[in-house]
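In the working numbering, the protein residues as written are 4 to 101. Beta carbons are placed, not taken as given, at the ideal position from N, Cα and C, and that holds for glycine. Notes follow the structure.
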């Protein structure tokens, strides 16, 4: 099935390639959060190892394994973690409204 139009076009969305391609720009600030595990522990571990190898700052947290569905237990902890990250970017609450 042709999803992206071509293999080259699909490669533009490969997270690993994009992390390598843009590693220099991503080293400036902590803006990536790697969360959850569930059945994807090998992918989570490989992603964290790649971020470490490239020297890209990131937050990584492991939550309890849960089904990857929107109505399961992983969503609330993930949102709390993202909101905490956002608060670090905008220490002044009024800055978020601009």
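In the three-state scheme derived from DSSP, where H, G and I count as helix and E and B as strand, residue 43 is classed as coil. The residue among 79, 59, 19, 50 with its C-alpha nearest the C-alpha of residue 28 is 59. Annotation: residue 82 is outside any beta strand (DSSP E); the continuous alpha helix (DSSP H) that includes it extends over 78-92. DSSP places residue 17 in the coil class of the three-state scheme, outside both helix and strand. Judged by DSSP secondary structure, residue 26 falls within the alpha helix (DSSP H) whose first and last residues are 26-29. Excluding the 5 residues flanking it on each side, residue 83 has no same chain C-beta neighbour closer than 7 angstroms. Cβ atoms of residue 85 and residue 36 come within 8 angstroms of each other, at about 6 angstroms.
Taking all protein chains shown into account, residue 31 has fewer than 16 neighbouring C-beta atoms within 10 Å of its C-beta and is therefore exposed. Among the bridge pairs identified by DSSP, residue 63 is matched with 37. When the beta-carbon positions are compared, residue 88 and residue 62 come within less than 8 angstroms of each other.
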